[in-house]
Each structure stands twice: as C-alpha cells, then as structure tokens.
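Beneath this line is the structure, given in structure tokens, with notes to follow.
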Amino acid sequence: MKLKVTRIGNSRGVRLPAASLRRYRISETVLMEERSEGILLRPTGPVVEKLSWEDTAREMAASREDWSAWDAAAAEGLDELPWQADSKGRVAESPTRYRARPGPGKGR
C-alpha cells in the first residue's frame, strides 16, 4: 500500500488506514524497527495472545474433536515403515557400476 508522507512540524509522517490499525490492534503507539530492507512498524504488544501449553491442552480437550480418522490411518500400516522392515543392509539405490578412483596424492 502506498502512503503519502506529510509534514508534521519539523518532522514527516504518514497516516495509517483505520482498517489496518484495527487489524493489528494499534492504538496510541507503535514500535519502529529500521531494517536493511526498510522500516517496519508494529504494535507495541502481542497481536494475538498466545496460549500456554496448559491452556492449549484444555481447549483441545474441551473441543471434543473426532480423532477416529487417525486411528484408521494407523490401522493401515503406518506402524510398519517400509525402510525399517526386513531391510538389513539393503539400500534404496541400486549399486553403481564404477569404482571410486583414488584422489590426488594417493597411489593407484
């Protein structure tokens, strides 16, 4: 979004759209960071309150989601991984037809 820079006393300023102020919960102050790619303005507090692990677990338990689809996927053999079952010493790639040559300084 392109914003016009206006004179405010001896300084310059920009007007931020009301919708952006609401979206990022900006009221009286913002933090300004000078970065190599430009200036970043952001709210002074967290934009979205983060839940603790305990709160997250409580909300997950309260939502009573149906996890039966995960049980069906586990019953389809996800516990038996093809690269772990009966593959002792076997690799997925076919053997090469060439031999590695000794590097410089090594005898042939």
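In the working numbering, the protein residues as written are 6 to 113.
For each residue, glycine too, the CB sits at the ideal point set by N, CA and C.
Legend entry - Boundaries of the beta strand (DSSP E) in which residue 39 is found, first to last residue: 35-40
Legend entry - Assigned secondary structure, residue 46 (DSSP; H/G/I helix, E/B strand, else coil): strand
Inset, instruction - Examine the Cβ distances between the stretch 41-50 and the stretch 21-30 and report whether three or more of them are shorter than 8 Å. - result: yes
Inset, instruction - Pick helix, strand or coil for residue 25, following the three-state DSSP scheme. - result: helix
Inset, instruction - Could you have a look at residue 20 and say whether DSSP puts it in helix, strand or coil? - result: coil
Legend entry - Simplified DSSP assignment, three categories, for residue 12: strand
Inset, instruction - Quick one: grab the DSSP three-state call for residue 30. - result: coil
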